[in-house]
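Engineer: Counted the way mature numbering (1 follows the signal peptide of the UniProt record, and there is no 0) counts, the sequence shown spans residues -19 to -1, 1 to 359.
The beta carbon of each residue, even a glycine, is placed where N, CA and C say it ideally should be.
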Amino acid sequence: MSILDLLISWILTSYLVSTHTILDRREWKENGYDCGDAFFNDQMVHDALKTALSDIGRKKILLYTGPIYSRVMGYVTWPILPAEAQAGRFSHIWRRAMYQIVFDANGKVIDLIVRLANNQFAKCWRVDSQQIEASIYSVEESNGYKCGYEFIPDSTITECVEIARKNLAPDTDELNQIFAKPPRNGYMCDKVFFDDNDLQHARVTAQRREETKRSTNFPRRYNGKPFDSPCLLWPINKNGESFTTGRLGKYRLVLTLDFKILSVAMFIPGGFLVRNSYQCFEDVFSHEEIASIAEIACKKAKRAKRKTFPLPYQGLKFDVEGPYLLYPIKKHKFSPGPGIHRLVINTLCHIAGVLTMDPNTKELVKCSVEGQKALQES
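1) So what does Lys104 bridge to, in DSSP terms?
2) Using three-state DSSP, classify Thr137 as helix, strand or coil.
3) Residue range of the beta strand (DSSP E) that Thr337 falls in?
4) Exposed or buried, what is Arg284 when buried is set at 16 or more other beta-carbons lying within 10 Å of its beta-carbon?
5) Let me know the secondary structure DSSP gives Met247 once reduced to three states.
6) By how many angstroms is the C-alpha of Gln181 removed from the C-alpha of Asn220?
7) Taking C-beta to C-beta, are Phe282 and Pro293 nearer than 8 angstroms?
8) Alpha carbon to alpha carbon, how far is Leu234 from Arg184? Give it in angstroms, no decimals.
9) Starting from Lys280, follow the beta strand (DSSP E) in both directions and report where the run begins and ends.
10) Starting from Thr58, follow the beta strand (DSSP E) in both directions and report where the run begins and ends.
11) So does the stretch 257 to 271 actually touch the stretch 235 to 243, counting three or more Cβ pairs closer than 8 angstroms?
12) Let's see if you can read the secondary structure: which residues bound the alpha helix (DSSP H) around Asp15?
13) If you draw a straight line from the C-alpha of Glu11 to the C-alpha of Val108, how long is it?
14) Have a look at Gly334, Thr289, Thr237 and Leu329 and flag the residue whose alpha-carbon is nearest the alpha-carbon of Asp300.
15) If we ignore side chains and look at the alpha-carbon of each, how far apart do Val83 and Ile91 end up?
16) Tell me the DSSP bridge mates of His322?
17) In whole angstroms, what is the alpha-carbon distance linking Ile332 and Thr342?
18) What residue from Trp215, Val245 and Glu140 has the CA that sits closest to Pro207's CA?
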């Protein structure tokens, strides 16, 4: 075994074995998984797996995402929890599950994994009573570290550390790499990181909401820029959790129509997801013009309430969810008065559309949505 391997074993060891902490031999008689401060025998794992593979369980299992196994393996996970901890929302159960079974599509157990202090997972040790019985006597009178089936005494570790200190070059970064945090998979939006594990929980919640038809608002179908095909939008907060109650945030989990994760998106000031121009009779407003006015309206909307623009609006409905606010938009900035055109935004500053006053009825009507061709002809 190389010096670096010994150092890694020393750093990542799960527990110290000494003359005072050696497990009674009777505890090694069962096959199972040793997860540091918890041991799960094969029967416990079998019972949990049976629940996971039931009709109800199959709807709640999650794909494994993380650095231990490749996604192409298609492994899934299931939490091992005490019976009293399984009450309440299942997404919360997943979040407080310290131990999880990893198994394949055929129901074969691959490993048990345990959540570490940095919220990442590590494999538990597989315990085979026959192999343990053969090696347990060799460690009873020594202090050191038990790494799976191999015991490393303190004397060996001390010797290796001294050799390492003498031989490692001053500019080496191997030890820094050992202590570095493991990589996390996910998406970054405006300095906010969304972990794949959290997004999987949100995806399951969105799919379940669609199947039960509990809400007509979300998941919401969307077809437009910056995406190349129709998709579904599901609101999430900055922790990657599904929106529950209160004011909607700016982050959306983007799903394919069959509920596979496509990406994460966010609304920026002005709601720039749809970059359309609008034609109000002879006046055509480009997206840049609309975005500029929307930013002004948004800033004024956040100030103290006043009897000026932006004003509440409860008339026509738009694809963007309300409540809505109106703000004047003019083609000629220096013309007197507010004019006849109104930009519509919601309270999250997302652009909903543009209205104009019908000269015959004196009522507000929607301006037509135009593409780049209208801008070129104007």
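Structural biologist: Let me spell this out:
1) Ile94, per the DSSP bridge assignment.
2) Three-state result, Thr137: helix.
3) Ile332 to Met338 is the span of the beta strand (DSSP E), which, as asked, contains Thr337.
4) Under a 10 Å Cβ-count criterion, Arg284 is classified as exposed, with fewer than 16 other Cβ atoms of the shown protein chains found around its own Cβ.
5) Looking at Met247 - three-state DSSP - the assignment turns out to be strand.
6) If you take the alpha carbons of Asn220 and Gln181, they lie about 13 angstroms apart.
7) Note that residue 282 is Ala in the sequence shown here, rather than Phe. Contact check for Ala282 against Pro293 fails: the beta carbons are separated by 8 angstroms or more.
8) A straight-line Cα-Cα distance of about 8 angstroms links Arg184 and Leu234.
9) Premise fails: Lys280 lies in the alpha helix (DSSP H), His268 to Ala282, not in any beta strand (DSSP E).
10) First-last of the beta strand (DSSP E) with Thr58: Val57 to Ile61.
11) A contact is defined here as three or more CB-CB pairs under 8 angstroms, and the stretch 257 to 271 fails this definition with respect to the stretch 235 to 243.
12) Unbroken run through Asp15 is the beta strand (DSSP E), Gly13 to Asp15; no alpha helix (DSSP H).
13) So the alpha carbons of these two residues sit roughly 8 angstroms apart.
14) Looking at the Cα atoms, Gly334 is the closest of the given residues.
15) For the pair Val83 and Ile91, the Cα-to-Cα distance works out to about 5 angstroms.
16) Partner(s): Thr337.
17) Ile332 and Thr342: Cα-Cα distance of roughly 25 angstroms.
18) Nearest Cα to Pro207 within the set Trp215, Val245 and Glu140: Val245.
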